[in-house]
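In this note's numbering, the protein residues as written are 12 to 843.
For every residue, glycine included, the Cβ atom is placed at its ideal position computed from N, Cα and C.
As the structure is a prediction and not an experimental result, all values here were calculated from the model.
Remarks on the structure that follows.
And the structure:
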């Protein structure tokens, strides 16, 4: 017997056509879709700029703002990357960078007064320059905007790297020894035409500089050996410099310096080792001593500010699952927290996706240090979240696997060319590989080239040699190894750029192809090939064809407008991903499907190249360099879902009567083993409330919901799979005739909270109430109050414990007030 339930949950976006394959919910980041370069507290509104298209799931082109816990765009955004933000000219100033051609960049100062962006002054030809608003004028590097002309006013004998307003002066720092003809080592103060030194200046160019009331702080790095440094903070009080003790010996670089709650915080990469990731640390000093270091992971910060008493840090950090870094994070004096709900997107573009023991594994690069390349992270998706699978101090080149084992090739390699994982934790090294393997099948690795090699049981064995052209691509199909390449014959067999190898001998596939196949995969009992060929088996094929064991079948009559990077058979159809706009003449952005009769677009497609496709459960996953799927935010990961069973809704009805709501639905096609879920939404804030109800073994089902409130209601009927849901239908019930509101539930305070919060409610007449707390699944956690209450406002404290007195974990909860046959709810966020 199935059960259908109404559940408490936050609203999730599902983009399904009932009963048909369609795009799944977007893989939103726990942050921005690209690097964040700058942050500003603008009159209580947090503003960030960088190179991104989304703030979480909110479209925001390169600049976004946050107020009252909500992210929103500023107009249409800006066309180029935002490098800096500051207040000025009665509004907000943004320094935007755009590329003119492959050689030149231009900078533009953009002004936001509340409704639209406007450019101030002409373009400024430079890759970057510091921005400042000083004495009513815009300053950019050594220049000041005078009318519509950039005029050089800060004359130094070197570059200016930073500008900071300090009291009544503009502080310039950089690679100079003189400013306005005055000796000034790396730093000087400018006041409307006159430079003055700051004591003896600085012995090194500062990594960062920050004004803190009447004090000015800089962070310096002093090289110990190789590229590693010690850290020193110097503070200018208006007349003299004070110097902190030096800290650490293995700083790799500094992200910035911040004055926060009486201390000076320094951020940077620390502990450089070529065979391990380089993490970010925070060190704190009061100017006379250091109080240790705090490990922050791998965010990589670019800018800082304080807003609402919190320290805000932004950067090019990646987001993976619930990792703390998401481009924008906040420090409340106790711990770092993300400013976004948990997400499941991937920060950077990814090129490969490999099934492994029920998970999907991919990789992305992390930040490097000194002269070394970035380290690489292997990430695993278990159907609900990403987790860190492994890290490599070397460049990960390729993932190979057969579902049960995993191979990782690295290049260039300091230690090992190839790593094998047969279990779940023990990696083994395969040194001295003769060629780069491209296929892993049934526990064996295969490497193409002039010689075809096989690796198994610790040995590389040469299987065959191609004499008139290299073997370039490999696949397994129908029990044989399929090879394609520049060759036309091997071992005396005429193969036409493609052939099958088995039992030590080669077999042609008809007359073959007129050029090599780049990609090969099995689909519907056929071998599908894609590449630069124009004929297959002597027939026009335009780069796509299938071999059925007897003959070649063209799958396209028009060349692909772009490139195909990956092929995958799924749910009886063939899927292609790549960097293309049309396939067989059909408009399709970077992804398309072939149903046996022709190619079809998949909604609005993908907004960037798709590099890999892989199946998990009853969903097709795709990864690449994109941020949206079917027009919805989906960061480098997207899913196309085929219903687990064929279900089509004929009708879905709801009728209100004095005792509740009667619902009924009829399925055109029904399977008894389907897991149906019925959800009720009262309003967008309270989410869904769970009530267990009996299921049905027939296609026609009725259910009575004893919900007697007067609010408008929305019901959704969905199919629940292992890790996803398919929306079958939605029906709304209008609000009943208005009646006097007896009870009202107020927002909790504080919220988020730790360890306790106060829930308040008001009654317009004496009433019997019940106040409860439920978790995000709808399960009751605590009864706070139950019984008669008098007219007026009442307050009840919840200490974050359940009815048994046990502490509940961090997460989202709902306080529900039952009074006068009416239910109201408010969201609570416990952040321990």
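Residue 551 has 546 as its beta-bridge partners, per DSSP.
DSSP, reduced to helix, strand and coil, places residue 299 outside both helices and strands of the structure shown, so it counts as coil.
Residue 298 sits away from residue 366, with the two beta carbons spaced by 8 Å or more. Counting the other Cβ atoms within 10 Å of the Cβ of residue 527 gives 16 or more, which makes it buried. Between residue 754 and residue 780, the gap from beta carbon to beta carbon is short of 8 Å.
Contact annotation: the region 149 to 157 does not touch the region 107 to 116, with fewer than three C-beta pairs closer than 8 Å.
The C-alpha of residue 409 is placed about 33 Å away from the C-alpha of residue 503. In the three-state DSSP reduction, residue 387 falls in the strand class (E or B). Per DSSP, reduced to three states, the secondary structure at residue 778 is strand. By the neighbour-count definition (other C-beta atoms within 10 Å, threshold 16), residue 440 is an exposed residue.
Residue pairing of residue 274 in beta bridges, as defined by DSSP: 271. One Cα belongs to residue 740, the other to residue 676, and the distance between them is close to 9 Å. Ranked by Cα distance from residue 520, the options 122, 536 and 547 are led by 547.
Distance check between residue 689 and each of 652, 542 and 729 places 729 closest, using alpha-carbon atoms only. Counting of Cβ neighbours within 10 angstroms places residue 428 among the buried residues, the total reaching 16 or more.
The C-alpha of residue 224 is placed about 19 Å away from the C-alpha of residue 99. Residue 541 carries a strand assignment under DSSP once its states are collapsed to helix, strand and coil. By the CB criterion at 8 Å, residue 770 and residue 807 fall inside the cutoff.
Secondary structure of residue 818 (DSSP, three-state): strand. Per DSSP, the beta bridge partners of residue 202 are 205. In this structure, the straight-line span from the alpha carbon of residue 133 to that of residue 94 is close to 17 Å. Bounds of the beta strand (DSSP E) holding residue 84 are 81 to 84.
Sixteen is the threshold: since fewer than 16 other Cβ atoms of the shown chains lie within 10 Å of the Cβ of residue 233, the residue is exposed. Residue pairing for residue 168: DSSP places it in no beta bridge. Inclusion of residue 53 and residue 89 in the CB contact set at 8 Å is not warranted, their separation being larger than that value. Residue pairing of residue 197 in beta bridges, as defined by DSSP: absent, with no partner found. Taking the CA atoms as reference points, residue 274 sits about 6 Å from residue 296.
If you look at residue 718, you'll find it isn't in any beta strand (DSSP E); DSSP assigns it neither H nor E.
For residue 621, the uninterrupted beta strand (DSSP E) run begins and ends at 621 to 627, by DSSP. Taking all protein chains in view, the Cβ of residue 541 is crowded by 16 or more other Cβ atoms within 10 Å, so the residue is classified as buried. Residue range 148 to 151 is occupied by the beta strand (DSSP E) that includes residue 149.
Distance from the CA of residue 619 to the CA of residue 96, rounded to the nearest whole angstrom, comes to 29 Å. Residue 221 and residue 149 have their C-alpha atoms roughly 19 Å apart. Residue 509: member of the beta strand (DSSP E) spanning 509 to 513, first to last residue.
Bounds of the beta strand (DSSP E) holding residue 240 are 239 to 247.
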